[in-house]
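**Student:** Take a look at this one; I'll ask things after.
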Ligand code: FES
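In the numbering used here, the protein residues as written are 7 to 90.
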């Protein structure tokens, strides 16, 4: 799921231990991380294959050399709230 509330789009992921949100645009070039493959809590960029930690936004492999911003997520009464 991607939140497009006016600023940079934010990808929201559901993992076994909760919801997590990171910037949707890869820090390497223009690619939507939400369109990548998830494996072991990480997301692989669909364009050049850089891997990011979904919980922290940390870049784990090249060609990305910078992290993407992560956002706190809170669930209340079934609604998802993002800290922007
Ligand atoms: S655009 Fe994501 S790794 Fe290049």
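All C-beta atoms in this analysis are idealised placements derived from N, C-alpha and C, irrespective of residue type, glycine included.
Just how far apart, CA to CA, sit residue 38 and residue 52?
**Tutor:** Their backbone Cα atoms lie some 7 Å apart in a straight line.
**Student:** Under a three-way DSSP split, which group does residue 38 fall into?
**Tutor:** The answer is strand: DSSP assigns residue 38 an E or B state.
**Student:** Pick out every residue whose C-beta is nearer than 7 Å to a heavy atom of the ligand FES: which are they, in chain order?
**Tutor:** Ordered along the chain, the selected set is 32, 34, 35, 36, 37, 51, 53, 54, 55, 56, 69, 70.
**Student:** Apart from the five residues just before and just after residue 78, which ones in its own chain have a Cβ nearer than 7 Å to its Cβ?
**Tutor:** Hits under 7 Å: 89.
**Student:** Per DSSP, which residues does residue 70 bridge with? Please list them.
**Tutor:** Answer is none; residue 70 lacks a bridge partner.
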